[in-house]
Amino acid sequence: MSTQVLMPQLGESVVEGTVTKWLKKQGEAIQEFEPLVEINTDKVDTEIPAPATGVVLQVIVPEGQTVRAGTLLAVIGKAGEAVPAAAERVPDATHSKSKMEGKSPASGSGAATPAAAGQSAELGFISPVVAKIASEHHIDLSQVPGTGAGGRITKKDVLAFVEAHGGTGAAGVPVRAADPWDEPASGELFRPSEEVFGPKASGPRAPTGASAAPGSVIPLDPVRKTIAEHMVRSKSVSPHVTTVMEADLSRVVQHRAAHKDVFARDGANLTFSAYFAAATIEALKAVPVVNSSWSDQGVALHKAVHLGIAVSLGERGLIVPVIRDADRLSLLALAKVLNDLADRARARKLKPDEVQGGTFTITNHGTSGSLFATPIINQPQCAILGVGAIQKRAVVVEATAPGGSSADALAIRPMVYVSLTFDHRILDGAVADEFLGKVVKRLEAWT
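Have a look at this one:
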């Protein structure tokens with residue numbers, strides 16, 4: 005008997021994934037628990053093992069296609085075994101970004117056809133769960149009053165409509181709750197872009213291949229596509245402003261030199277990143293409005309500090325693993341978590357849940373020699389801290405002259421530029437400078 009391979013739900017709020025690479029081809033033998041396919045969910049690659057031993061009878065979803073959790077990916081069985089008829093048709097990637105817009109074609113019989121998930125000119129945004137319920141109960145969504153933002157039809161609206169009509173749809177199908185993987189989550193990484201940022205703005209398109217200069221074209225992988233979409237969306241939704249200060253890291257350098265070996269005995273590599281993380285956490289607690297997000301109802305303040313740390317993946321781009329409840333961790337604990345997340349990020353062993361839910365992000369662009377930069381905000385966060393390269397520079401300091409009087413003097417100090425790019429809808433310059441000043445003060449006064 006054949007075994008179906010389904011798209012798993014790889015995280016609490018992960019409702020879809022992209023098939024990036026089939027590790028076994030159709031017709032090849034495979035052992036149970038042997039890696040079968042590689043799935044990408046928001047820049048995290050996960051290998052899915054085979055649920056049974058046998059032969060890959062059929063690959064249903066091709067590489068590059070994005071599908072929902074629960075979708076049939078492939079069929080495994082005995083050599084020569086017939087593939088079940090239900091698996092013959094390749095499913096539509098209803099969640100694929102290339103198909104997120106448009107409306108359902110009209111039925112040839114003239115009967116009402118439920119709208120597909122995506123953006124409909126008549127109905128506005130239709131979430132996947134609403135589209136699924138409407139399809140199962142044969143509901144014409146144009147007859148359902150929407151109570152969501154801007155009149156959007158919510159899951160609650162469509163279920164209430166079904167219940168008001170006797171608990172069944174036109175085909176007499178009883179109401180049931182949607183599958184867990186169909187539930188949209190609250191974080192912007194797992195809500196459709198149109199719902200977070202509004203409909204995609206029309207405008208000039210980038211040059212196509214026909215008009216581009218001659219040369220090779222590097223194909224876009226899911227990671228690069230995700231980065232591109234998030235960066236463009238962030239710049240379009242948030243008015244970005246950047247403020248820059250510099251900090252004297254003399255005390256941090258001394259503390260690190262004195263404690264590096266002690267931390268190593270406890271299993272932690274004490275990097276400068278741990279100090280920047282600790283100083284940022286303290287500043288976020290002192291100026292809590294920076295640990296927030298914009299919403300139509302107002303500025304949403306986050307109680308916990310879930311700190312995102314950008315990690316470079318080289319040519320593959322970057323990823324932002326999140327330290328949850330970072331405000332509860334000591335410097336030693338922060339160092340350990342940073343080591344672990346960075347190592348597993350570069351080894352592509354992160355879990356999807358470990359890159360979502362951040363409330364503030366730090367990016368250390370100084371590792372490549374950059375002095376200061378203007379990073380792009382990681383939506384839906386309020387701001388992002390950029391850390392430049394640490395350099396020994398000649399600076400003017402106040403020294404004690406003979407007789408006890410003070411005088412200016414030149415000194416060589418380890419200096420660093422830190423920048424804060426913030427959403428001007430939430431923060432004004434004075435508040436942003438207050439926050440960044442507290443980061444600098446904590447670094448310069450480290451004991």
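The sequence shown maps to residues 5 to 451 in the numbering used here. Even glycine gets a Cβ: it sits at the ideal position worked out from N, Cα and C.
Have a look at the DSSP bridge pairing and note the partners of residue i.
| i | result |
| --- | --- |
| Asn44 | Thr22 and Asp49 |
| Val60 | Ile80 |
| Pro39 | Pro53 |
| Ile137 | The partner list for Ile137 (beta bridge, DSSP) is empty, contrary to what the question assumes. |
| Lys461 | Residue numbering for the chain in the displayed model covers 5 to 451; residue 461 lies beyond these limits and cannot be assessed. |
| Phe364 | Leu311 |
| Met249 | Val422 |
| Leu305 | Ser296 |
| Arg72 | Glu20 |
| Gln8 | Val79 |
| Val391 | Val422 |
| Thr404 | Ser410 |
| Val326 | Gly312 |
| Asp270 | According to DSSP, which records beta bridges pairwise, Asp270 is partnered with nothing at all. |
| Ala33 | Val59 |
| Asp427 | His244 |
Please say whether residue j and residue i have beta carbons closer to each other than 7 Å?
| i | j | result |
| --- | --- | --- |
| Val79 | Gln62 | yes |
| Leu440 | Thr246 | no |
| Leu468 | Ser277 | Residue 468 cannot be examined here, being either before or after the span of the chain that is shown, 5 to 451. |
| Phe267 | Leu274 | yes |
| Val257 | Leu288 | no |
| Ala349 | Gly370 | no |
| Thr24 | Pro55 | no |
| Val303 | Ala346 | no |
| Val60 | Lys28 | yes |
| Lys159 | Val134 | yes |
| Leu338 | Ala282 | yes |
| Ala272 | Lys340 | yes |
| Val444 | Ala251 | yes |
| Ile157 | Val148 | yes |
| Val294 | Ala351 | no |
| Glu85 | Thr57 | no |
| Pro418 | Ser297 | no |
| Glu286 | Arg446 | yes |
Taking the alpha-carbon of residue i as reference, which of the options has the nearest alpha-carbon?
| i | options | result |
| --- | --- | --- |
| Gln301 | Leu424, Val294, Leu336 and Ile430 | Ile430 |
| Pro39 | Glu32, Ile52, Gly392 and Ser372 | Ile52 |
| Gly31 | Pro88, Ala83 and Glu358 | Ala83 |
| Thr70 | Ser146, Ile64 and Thr22 | Thr22 |
| Met249 | Ala436, Ala308 and Glu358 | Ala436 |
| Leu14 | Trp450, Pro356 and Ile416 | Pro356 |
| Ser423 | Ile137, Lys307 and Lys442 | Lys442 |
| Leu311 | Ala290, Leu333 and Arg320 | Leu333 |
| Gly454 | Asp46, Ala33 and Pro12 | Here the chain has residues from 5 to 451 only, and residue 454 is not among them. |
| Pro66 | Leu77, Thr57, Ala73 and Arg72 | Leu77 |
| Ala33 | Val19, Arg72 and Gly81 | Gly81 |
| Arg72 | Asp270, Lys136, Trp26 and Pro88 | Lys136 |
| Arg260 | Thr451, Pro12 and Glu20 | Thr451 |
| Trp26 | Ser410, Gly68, Val19 and Met5 | Gly68 |
| Pro88 | Gly433, His169, Met5 and Val236 | Met5 |
| His428 | Gly373, Asp144, Val241 and Pro12 | Val241 |
Please look up how many angstroms separate the CB atoms of residue i and residue j, rounded, as I've assumed it's under 8 Å.
| i | j | result |
| --- | --- | --- |
| Pro325 | Leu305 | Going by Cβ atoms, the distance from Pro325 to Leu305 rounds to 23 Å, so no, they are not a contact pair. |
| Leu455 | Thr50 | Nothing in the structure corresponds to residue 455, since the chain is present only between 5 and 451. |
| Pro226 | Asn44 | 4 Å |
| Arg255 | Ala415 | So it is not a contact: roughly 14 Å between Cβ atoms. |
| Gly321 | Ile231 | 5 Å |
| Leu389 | Thr284 | 6 Å |
| Leu253 | Val391 | With a Cβ gap of about 11 Å, Leu253 and Val391 do not count as contacting. |
| Ile323 | Val359 | 6 Å |
Would you call the region 219-232 and the region 361-381 in contact, with 3 or more CB pairs under 8 Å?
no
Taking one C-beta from the region 373-385 and one from the region 399-418 each time, how about it: are there three or more such pairs within less than 8 Å?
no
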